[in-house]
Structure formats: C-alpha cells, structure tokens
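*Asks:*
Residue numbers (the working numbering): 80 to 532.
(1) What is the residue span of the beta strand (DSSP E) that residue 345 lies within?
(2) Tell me whether the stretch 422 to 442 and the stretch 391 to 401 touch, counting them as touching only if at least three CB pairs, one residue from each stretch, are closer than 8 angstroms.
(3) Would you call residue 517 buried or exposed, if buried means 16 or more other Cβ atoms sit within 10 Å of its Cβ?
(4) Decide if residue 335 is buried, meaning its Cβ has at least 16 other Cβ atoms within 10 Å, or exposed.
(5) Express the C-alpha separation of residue 375 and residue 137 in angstroms, rounding to a whole number.
(6) Taking only three categories from DSSP, how would you classify residue 454?
(7) Give me the residue from 333, 496 and 413 with the minimum Cα distance to residue 349.
(8) What residue range does the beta strand (DSSP E) around residue 218 cover?
(9) Opposite residue 275 in the DSSP bridges: which residues?
(10) Given that a residue counts as buried once 16 or more other Cβ atoms are within 10 Å of its Cβ, and exposed if not, what is residue 158?
(11) Within its chain, find whatever has a CB closer than 6 angstroms to the CB of residue 277; leave out the 5 residues flanking it on each side and keep chain order.
(12) For residue 523, count neighbouring Cβ atoms within 10 angstroms of its own Cβ and tell me buried if that reaches 16, exposed if not.
(13) Is it buried or exposed, residue 337, if we count other Cβ atoms within 10 angstroms and call 16 or more buried?
(14) For residue 360, does the three-state DSSP call read helix, strand or coil?
(15) Buried or exposed: where does residue 247 fall if 16 or more other Cβ atoms within 10 Å of its Cβ makes it buried?
(16) So, under 8 angstroms CB-CB, residue 165 and residue 250 are touching, yes? Tell me the CB distance rounded to an integer number of Å.
(17) Out of 444, 515, 170 and 333, which one is the CA nearest neighbour of residue 392?
(18) Put residue 503 into one of helix, strand or coil per three-state DSSP.
(19) Return helix, strand or coil for residue 259, following the three-state DSSP convention.
(20) Where residue 466 and residue 355 are concerned, what is the direct C-alpha to C-alpha distance, given to the nearest angstrom?
(21) Which class does residue 414 belong to by DSSP, given the choice of helix, strand or coil?
(22) Rounded to whole angstroms, what is the Cα-Cα separation between residue 227 and residue 321?
(23) Helix, strand or coil, according to DSSP, for residue 324 in the structure here?
(24) Which first and last residues belong to the alpha helix (DSSP H) in which residue 137 is found?
(25) Flag this pair as yes or no: are the beta carbons of residue 171 and residue 195 separated by less than 7 angstroms?
(26) Go through its chain and collect everything with a Cβ distance to residue 545's Cβ below 7 angstroms, but skip five positions before and after it.
(27) When you compare each of 411, 371, 483 and 105 to residue 134 by their alpha carbons, which one comes out closest?
(28) Taking 7 angstroms as the cut-off, decide whether the C-beta atoms of residue 243 and residue 325 are in contact.
(29) Taking DSSP as the reference, what is the three-state secondary structure of residue 306?
(30) Ordered along the chain, which non-local residues of its own chain (more than five positions away) have a Cβ less than 7 angstroms from that of residue 520?
(31) Do three or more CB pairs link the stretch 489 to 505 to the stretch 444 to 458 at distances below 8 angstroms?
(32) Helix, strand or coil for residue 517 per DSSP?
(33) If you draw a straight line from the C-alpha of residue 118 to the C-alpha of residue 147, how long is it?
(34) Name the two residues that bound the continuous beta strand (DSSP E) containing residue 532.
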C-alpha cells in the first residue's frame, strides 16, 4: 500500500510544496501519493501532513469555519507526522506572543490554533515585508534523526553545525521552548541584533520551521527529511538513490547576511497570498473586520474605486496617517496604491512599511508613457494587466505579482473574465510554439523574449 503525504491547501503556497514533493517523487524509486487536502476525508487519508506558509489567520479562520480545526487537532494528537512551515508553525504553537486581537465586537477573536507543539512563537517577529530576507541558518546536525551521510561543500556529517540558507517571509520566530525535555532545536539564526533565534524544532512527530525551503532555490532537504519521518512512523524504509544535502549558502550571503529586497524575496511574498482574498478597506475598523473574516491581505484606500470614478478629479495615494492606522491595526499584509509613473508616492509608501505597492490604473496616472522602474524598490509591486503582453511588460519593469484589471468600480465582472481568458489563452498558445514562433510572438505582444520563453 502506497504512502500518502498531504499538503493542507486552504490558503498559502501549497502549490510550491506539492511541486517539491513531486520532484522528490520523480527522483525516488519508492513512490508515494501526494494529496491536496481541503476537507476531513482527504485529511484522514494522509500518513503525513504539511501545513504550508501563508497567512495563519486566514488558514485558521477557514479551517475553523469549515469545521477542520478539531479534525486537525485530532490528527496532530494521533501521532502522525505533521510539518508546519511559517504560518504552519504559528498554527501548531502552544502559545503566541504579539498576536493581534480583533476588536470588532465585544467578544474579541483570537488567532485560531491547532496546537501540539510546546513552543512560544512570536508572530511577524521581523516585521513587515521590508524586513523579509534571505538569511543564513545554522542546522543542528546532531539533532536530526536521519540515516546516511551528508555532503555540503566540505561539511562533514560529524560536524555539529551545518551552514545553510532560507527565505524568511514576514516570518515568525520561536521565542521559547516550553518543554525542553521533548522539543529539540534543529536550526537557528542570528537576528539583526545578533541575538540567537530558534527557527526549526521537532517534537516527536511534529516538525516546524519558520523559514520557507520550498521557495529557496532547489532546497529539498527539509522535504526529504519530513518524508523520511512519515516512512519511519509507518515502520517502512524510505528508499532513495541519494540523500539531499542542505542547500549551500550563496556567495552573496557569505559576504552579507541577511539579504533584503532580492527578487526571490519579493516574489515569495505574493505566493503566500494564493487562495486568499485581498479586501479593499477605507479605515482601520474595516481592516480588522477583513482580518476576522479571513482575508489574507487588505488594500488601504481613502475611497473605494467606484467613488473615485464617480467623483472625478485627481486621485492620489492614500493619506499616510490612514495607512499607518491600518498597519497598526492588523497582522495580515497591508497594501496601498500608487499612481502610475509616480515613483515619489511609491517611495513614501515603502517608507511607511507597506507590504506591497499597487501601481494602479484606478488612480490618476502621473505619467502617460512610463510606469515606475520597480526593481530598485525593496518591497514587491503588483500591477494590473489586460493580456499576456501587458503582464510581461510590467514584470520586466519589476512587478512581482499581476492582477487582471477588469473594470474597477463598475461591479461588471465581464471585463475581468475577458482579460482572464485573453491572458490564459495566450499562455496555452505559447506552450505549443516552436522557438522561431516564440521570437515572432514576443514581437507581436511587445514583450521581452526572455520572459516570453
């Protein structure tokens, strides 16, 4: 009977984790089944479960509202292996600090938790997206219960520490191990104040990491380690051709750690929003309501797009005071809009600490010809597009995420459907083209051939 490993697919970067599992499956003679988990039935079929990165409040609210919290708690209590990544670590933690309390009614909503891991975890320990980074991690090799040997740029399997790296995206940190007799520290980092911070632990069948190996190059070490835990729990051998080593530090990271504003850091953040809802809000109270309802992010606006269109005049970025109030009121990512071509507004938004900037056609354009050169900014941008050519041009300028434009403020979904069909039809057409056709097609849609390929 085949082994089944599930990935909780309520919200977050579950797709990236499934892809890593598939890569390991392709390289192994011992095949296992990979399951997209969204309900009790699929959960019960799993021999091991990954709770991916994303927004812990969104995952928790959806799990609670669909009656999955108790099922997940029972699953963890059963002793089956579970791995929590970033948001998954938060959900598995016994206690949280700096947790946002949502005060929309007399009865405050706390972060829904699954529990099962005896640690105190600090949510968003490093801060907003401008503090997300690629960091050096130090792996406690002696605490890893793994057969075989490791080879990582000369690091012997006998060494106590292995230097590696991973992405920390709006990441939590383990501030205290509550049960030192059963919880083992597997990895740690040094934060910006040179304080040692635990970032990976193991307690029996539960594994948790504050970082994201699934978006760190070809780092499959932690996924293979978890697969081994699943097989061991079933008293079965996990037969692989070769053990994967921890990913080696990049040359740039050896010179300076941490590394902020990398393209890989900026594109990782939108992946954590997959499967979620980004809600427009015009004040802090609406932002708190959105978080309580399970939104994965909020867009800070002074007026909704329909009012902007009807009022006419010049529509600029929102008041910095409003943005600060919203940033202070919620724990989920906060976005804000900048006018097309107005790099000054975008610099202000970045200095305020927003998690993502929307260079938006809803506001009055500041430049009729050029969009903002987005690569120098340390936070990701999202831009609208009506077709594949427009999307690729925005990506070439530095957009980390693309949204389909539609016709904002009208309530007419037909335009969004039209743009979605145009974009995805073009992608399907492109996949069947020869190299010569790709070059010609890139000219037709006025997009860089490197991105088209």
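Don't be surprised by glycine CBs; every beta carbon is placed ideally from N, CA and C.
*Replies:* Looking at the atomic coordinates:
(1) By one-based count along the chain shown, residue 345 stands at place 266. It is not in any beta strand (DSSP E) - residue 345 instead sits in the alpha helix (DSSP H) that spans 342 to 350.
(2) yes
(3) By one-based count along the chain shown, residue 517 stands at place 438. The residue is exposed, with fewer than 16 neighbouring Cβ atoms inside 10 Å.
(4) Within the chain shown, residue 335 is the residue found at index 256, counting from 1. When all chains shown are included, residue 335 counts as exposed.
(5) By 1-based counting over the chain shown, the position of residue 137 is 58. By 1-based counting over the chain shown, the position of residue 375 is 296. Rounded to whole angstroms, residue 137 to residue 375 spans 6 angstroms at the Cα level.
(6) Taking the chain shown and counting its residues from 1, one reaches residue 454 at position 375. Correct three-state label for residue 454: coil.
(7) Locating residue 349 in the chain shown gives position 270, counting from the first residue. Residue 413 is the option with its Cα nearest to residue 349.
(8) Here the question's residue 218 lines up with position 139 in the chain shown. That run of the beta strand (DSSP E) goes 212 to 219.
(9) The count along the chain shown starts at 1 and reaches residue 275 at position 196. Paired residues: 269.
(10) Taking the first residue of the chain shown as 1, we reach residue 158 at position 79. By the 10 Å Cβ count, residue 158 comes out exposed.
(11) For the purposes of this step, residue 277 is taken as residue 198 along the chain shown, with counting starting at 1. Taken in chain order, the residues that qualify are 253, 264 and 267.
(12) Residue mapping note: residue 523 aligns to position 444 of the chain shown, counting from 1. Classification for residue 523: exposed.
(13) As a first step, residue 337 must be located in the chain shown, where it is residue number 258. Under this definition residue 337 is a buried residue.
(14) Residue 360 sits at position 281 when you count from the first residue of the chain shown. Reduced to three states, the DSSP call for residue 360 is strand.
(15) Start at 1 with the first residue of the chain shown, and residue 247 comes out as number 168. Burial call: buried.
(16) If you number the chain shown from 1, residue 165 lands on position 86. If you number the chain shown from 1, residue 250 lands on position 171. Yes, they are in contact, since the Cβ atoms of residue 165 and residue 250 sit about 6 angstroms apart, within 8 angstroms.
(17) Taking the chain shown and counting its residues from 1, one reaches residue 392 at position 313. It is 444.
(18) Numbered from its first residue, the chain shown carries residue 503 at position 424. Helix at residue 503.
(19) The residue labelled residue 259 in the question sits at position 180 within the chain shown. In the structure shown, residue 259 sits in coil (DSSP, three-state: anything other than H, G, I, E or B).
(20) Position 387 of the chain shown, counting from 1, holds the residue named residue 466. Position 276 of the chain shown, counting from 1, holds the residue named residue 355. Rounded to the nearest angstrom, the two C-alpha atoms are 22 angstroms apart.
(21) Position 335 of the chain shown, counted from the start, is the residue given in the question as residue 414. Note: residue 414 maps to strand in three-state DSSP.
(22) By one-based count along the chain shown, residue 227 stands at place 148. By one-based count along the chain shown, residue 321 stands at place 242. Residue placement at residue 227 cannot be trusted, given a pLDDT of 39 that sits under 50; what the coordinates show is reported in the next sentence. Each residue's Cα considered, the two are about 9 angstroms apart.
(23) Taking the first residue of the chain shown as 1, we reach residue 324 at position 245. The answer is coil: DSSP assigns residue 324 none of H, G, I, E or B.
(24) Against the chain shown, residue 137 aligns to sequence position 58. Looking at the DSSP string, the run of the alpha helix (DSSP H) that includes residue 137 is 135 to 144.
(25) To locate residue 171, count along the chain shown from 1; it is residue 92. To locate residue 195, count along the chain shown from 1; it is residue 116. Contact flag set, yes.
(26) The first residue shown for the chain is 80 and the last is 532, placing residue 545 beyond what the model contains.
(27) As a position in the chain shown, residue 134 is number 55, starting the count at 1. Among 411, 371, 483 and 105, the Cα nearest to that of residue 134 belongs to 411.
(28) Reading the chain shown from its first residue, position 164 is the one you call residue 243. Reading the chain shown from its first residue, position 246 is the one you call residue 325. Yes, they are a contact pair.
(29) Locating residue 306 in the chain shown gives position 227, where the first residue counts as 1. The answer is helix: DSSP assigns residue 306 an H, G or I state.
(30) Residue 520 sits at position 441 when you count from the first residue of the chain shown. Closer than 7 angstroms at Cβ, skipping near neighbours: 509, 512 and 531.
(31) no
(32) By 1-based counting over the chain shown, the position of residue 517 is 438. The answer is helix: DSSP assigns residue 517 an H, G or I state.
(33) Within the chain shown, residue 118 is the residue found at index 39, counting from 1. Within the chain shown, residue 147 is the residue found at index 68, counting from 1. One C-alpha to the other measures close to 7 angstroms.
(34) Position 453 of the chain shown, counted from the first residue, corresponds to residue 532. Looking at the DSSP string, residue 532 is not in any beta strand (DSSP E), and its letter there is neither H nor E.
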